[in-house]
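K.L.:
In my numbering, the protein residues as written are 2 to 315.
C-beta atoms are modelled at their ideal positions from N, C-alpha and C, and glycine is treated no differently.
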Amino acid sequence: MKIVLLEGLGVSDQIIASHVKKLEEMGHTFTAYEKNTDAAVQAERCKDADVVMIANMPLAKSAVEGAENLKFIDVAFTGVDHIPVEAAKARGIAVSNASGYASQAVAELAICFMIELLRKIPQTSAQCRASGTKAGLEYRLLAGKTVGIVGCGAIGKRTAALCKAFGATVIGYNRSKVTDPSIDEQVSLEELLSRADVVSLHTPLTPQTKGLIGSKELGQMKPTAYLLNTARGGVIDQDALAAALHKGTIAGAALDVFYEEPPLPANHPLLNTPNTLVTPHMAYDSVESMEARCEIVFNSLYSWLGGTQLNKIC
Numbered sequence: 002m003k004i005v006l007l008e009g010l011g012v013s014d015q016i017i018a019s020h021v022k023k024l025e026e027m028g029h030t031f032t033a034y035e036k037n038t039d040a041a042v043q044a045e046r047c048k049d050a051d052v053v054m055i056a057n058m059p060l061a062k063s064a065v066e067g068a069e070n071l072k073f074i075d076v077a078f079t080g081v082d083h084i085p086v087e088a089a090k091a092r093g094i095a096v097s098n099a100s101g102y103a104s105q106a107v108a109e110l111a112i113c114f115m116i117e118l119l120r121k122i123p124q125t126s127a128q129c130r131a132s133g134t135k136a137g138l139e140y141r142l143l144a145g146k147t148v149g150i151v152g153c154g155a156i157g158k159r160t161a162a163l164c165k166a167f168g169a170t171v172i173g174y175n176r177s178k179v180t181d182p183s184i185d186e187q188v189s190l191e192e193l194l195s196r197a198d199v200v201s202l203h204t205p206l207t208p209q210t211k212g213l214i215g216s217k218e219l220g221q222m223k224p225t226a227y228l229l230n231t232a233r234g235g236v237i238d239q240d241a242l243a244a245a246l247h248k249g250t251i252a253g254a255a256l257d258v259f260y261e262e263p264p265l266p267a268n269h270p271l272l273n274t275p276n277t278l279v280t281p282h283m284a285y286d287s288v289e290s291m292e293a294r295c296e297i298v299f300n301s302l303y304s305w306l307g308g309t310q311l312n313k314i315c
């Protein structure tokens with residue numbers, strides 16, 4: 002089999018080399034490339050591949066359609082909305098993800114966002130750097146607050162568990178029934194938005210969740226509530242959120258994801274809103290989670306080569 006890795010996996014060369022050695026001993030070839038989003042370049046790199054490995058870089062549909070030998074797309078990421086899954090299905094190409102590798106990392110950043118917003122860390126830091134004090138700032142605790150988890154999969158449940166450790170009440174919205182000791186109550190989205198002091202989004206981006214949080218939903222939130230998104234940018238209507246933040250419809254937001262991948266343009270609507278924390282899609286990224294991701298994606302490859310598909314998307 003010809004195996005092609007289209008971008009780095011964020012781990013040491015030694016870790017990759019150990020897997021390359023194993024694959025070559027099995028009689029396969031392995032080629033690794035630097036990240037390149039150009040569709041023509043991707044098509045050239047994929048054209049003779051039996052297996053394509055990729056992380057969160059968008060994979061061009063034309064690259065999949067032109068790869069006549071392609072049999073398996075091994076995605077080193079949880080979401081697969083950047084992969085032309087329907088085109089793969091049409092060709093009978095298997096697709097697997099790396100679900101679970103970043104649950105702790107994303108959940109920890111969500112908790113960090115909650116505390117930074119409630120304790121007004123950016124404002125306090127700015128005043129301190131300006132030789133000021135905390136004068137005029139009012140702080141809140143996460144303990145005793147109601148946190149609403151929208152999307153109660155592995156990451157949502159892990160975030161809920163950390164919230165419970167801080168003494169919060171956790172309510173959840175999920176399309177299917179959820180049984181988890183960290184989620185005190187499963188409610189409708191409307192009820193969650195109206196009750197929660199913090200709303201944390203953990204849904205995949207699908208046709209059903211695109212624009213899930215828009216003007217109507219933001220208007221259902223408390224004016225003292227905060228909105229967090231460590232899921233996918235498209236789950237929120239960015240313009241509606243920017244307008245809500247400027248109007249004071251909600252108290253603030255923390256965002257790790259946007260419609261497009263950072264770097265963002267300087268005039269991006271959510272880079273110029275009050276009480277807004279922004280990070281450049283780094284929730285999943287830690288030394289530990291990158292190493293876990295690498296092991297998951299290569300184990301998926303070895304398993305598929307042996308006739309069993311793990312973490313199956315299609």
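Among K211, E35, I116, which has the Cα closest to the Cα of I55?
P.N.:
E35
K.L.:
Label A68 either buried or exposed according to how many other C-beta atoms from any shown protein chain fall within 10 Å of its C-beta, with 16 as the threshold for buried.
P.N.:
With 16 or more other Cβ atoms within 10 Å, it is buried.
K.L.:
Near A111, what residues of its chain come up, given a Cβ to Cβ distance below 7 Å and the 5 sequence neighbours on each side ignored?
P.N.:
T160, S201, L229, T231
K.L.:
For a minimum of 4 consecutive residues, which ranges assigned as the alpha helix (DSSP H) are wholly contained in the stretch 43-77?
P.N.:
Taken in chain order, the complete alpha helix (DSSP H) segments of 4 residues or longer contained in the stretch 43-77 are 62-66.
K.L.:
Just tell me which of L311, N98, Y303, Q310 has its CA closest to the CA of K23.
P.N.:
Y303
K.L.:
Give the single residue among S301, W305, L118 whose Cα lies nearest to the Cα of Y102.
P.N.:
S301
K.L.:
With which residues is I172 paired in a DSSP beta bridge?
P.N.:
G149, E186
K.L.:
I'd like to check one pair, D75 with S97: are the Cβ atoms closer than 8 Å?
P.N.:
yes
K.L.:
Which complete beta strand (DSSP E) runs does the stretch 187-269 hold, if anything under 3 residues is left out?
P.N.:
199-202, 227-230, 253-256
K.L.:
Considering K3, what are the terminal residues of the beta strand (DSSP E) in which it resides?
P.N.:
3-6
K.L.:
Near A252, what residues of its chain come up, given a Cβ to Cβ distance below 7 Å and the 5 sequence neighbours on each side ignored?
P.N.:
Answer for A252: P224, T225, A226, Y227, N276, listed in chain order.
K.L.:
By a C-beta neighbour count over all protein chains shown, 10 Å radius and 16 as the cutoff for buried, is M222 buried or exposed?
P.N.:
buried
K.L.:
S304 lies in the alpha helix (DSSP H); which residues open and close that run?
P.N.:
For S304, the uninterrupted alpha helix (DSSP H) segment begins and ends at 288-306.
K.L.:
Would T204 and V236 qualify as a contact pair, given that the criterion is a beta-carbon distance under 8 Å?
P.N.:
Against a cut-off of 8 Å, the Cβ pair of V236 and T204 comes out as a contact.
K.L.:
Using the Cα positions of Y174 and D257, report the straight-line distance between them to the nearest angstrom.
P.N.:
The alpha-carbon of Y174 is positioned some 21 Å away from that of D257.
K.L.:
Tell me the DSSP secondary structure of L138 in three-state form.
P.N.:
coil
K.L.:
What does DSSP give as the partner residues of F167 in its beta bridges?
P.N.:
For F167, which the question treats as bridged, DSSP gives no partner whatsoever.
K.L.:
Just verifying my parser: in three-state terms, what is the DSSP assignment at V279?
P.N.:
strand
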